[in-house]
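Enquirer:
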Amino acid sequence: ILDELRMLRSVRHPCVTQFLGITALSASNEIALVLESTHALSLFSYLTSPSKVANVPGPDASERAWVLRQICWVVVHLHTHDPPIVHGSLKDSAIAVECCEPYPKVKLLEFGFAQMRTNSQACTRGGNHWRYRAPELWQAGPRPAPMPAIDIFALGGLMFLLASDKKPFSGIAHDDVFFSVRKGRP
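For the sequence shown, the positions run 1 to 186 when full-length UniProt numbering is used.
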């Protein structure tokens, strides 16, 4: 939680969930982050919900392009931060989309695996959902320092989802993806 607190305190962007403070939970002696509230849908739920346009099963191409543009905008913001921030857990459930006029608003969530990039730091073992995980994070052994490429790979999976309404590797079992990637065939 302290890593997430550091990230949220240092990042201000319209597409990042606003950090409001922390609170101590007296019953359990735990600390909780207080973040802005949103009634937004996850990216996948947004894509599969009916569109504001009559008789259209989901958001139209211009709405999808606007969502993608906002996701790219916030990723660029993180990666150009000093020091660069690698979100490390980009996936459809880490992106909230609020239906607004004239276009939807995106909010990036889940900074628990975000890391500021330093050369001496290794990547954490956790993070990205396997459908959005970069190939280098599937390998055995020590992980490289957190690199923006991890987020860029996940961004490709999000682009696939936005274009097709299908999550990456839909219909393929986790183990099949795991062994294919380990053999160098994603």
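Don't be surprised by glycine CBs; every beta carbon is placed ideally from N, CA and C.
Every value quoted in this text rests on a predicted model; they were computed, and no experiment measured them.
For Val11, which of helix, strand or coil comes out of DSSP?
Expert: Coil.
Enquirer: Using 8 Å for Cβ pairs, my map puts His81 next to Val16. What's the rounded Cβ distance?
Expert: The pair is not a contact, with the Cβ atoms about 11 Å apart (cut-off 8 Å).
Enquirer: Which stretch, first to last residue, makes up the beta strand (DSSP E) that contains Gly21?
Expert: It spans 19-25 - the beta strand (DSSP E) in which Gly21 sits, taken as one unbroken run.
Enquirer: Between Asp165 and the rest of its own chain, which residues show a CB-CB distance below 8 Å, the 5 nearest in sequence each way excluded?
Expert: Answer for Asp165: Leu47, Thr48, Gly58, listed in chain order.
Enquirer: Compute the beta-carbon to beta-carbon distance between His13 and His87, rounded to the nearest angstrom, for a pair I have assumed lies under 8 Å.
Expert: Incorrect: roughly 12 Å between the Cβ atoms, too far for contact.
Enquirer: How many Å lie between Phe169 and Ile31 at the Cα?
Expert: Cα to Cα, the separation comes out at about 37 Å.
Enquirer: As an exercise, report each continuous alpha helix (DSSP H) stretch of at least 4 residues that is fully enclosed by the segment 29-90, in chain order.
Expert: You should have 43-48, 61-79.
Enquirer: According to DSSP, what are the bridge partners of Lys105?
Expert: DSSP output for Lys105 lists Glu98 as bridge partner(s).
Enquirer: Find the nearest neighbour of Phe44 within the set Ile22, Ala163, Pro148, judged by alpha-carbon distance.
Expert: It is Ala163 whose Cα lies nearest to the Cα of Phe44.
Enquirer: Counting pairs of beta carbons, one from the segment 129-142 and one from the segment 62-77, are three or more of them closer than 8 Å?
Expert: Short answer: they don't touch.
Enquirer: Could you tell me the boundaries of the alpha helix (DSSP H) in which Arg182 lies?
Expert: Start and end: 174-182.
Enquirer: Ignore the nearest five residues each way along the sequence and tell me which others in Glu101's own chain have a CB closer than 7 Å to its CB.
Expert: Counting only Cβ-Cβ distances below 7 Å, and skipping sequence neighbours, we find nothing.
Enquirer: From Ala38 to Leu108, what distance separates their C-alpha atoms?
Expert: A small correction: the amino acid at residue 38 is Thr; Ala does not occupy that position in the sequence shown. So the alpha carbons of these two residues sit roughly 11 Å apart.
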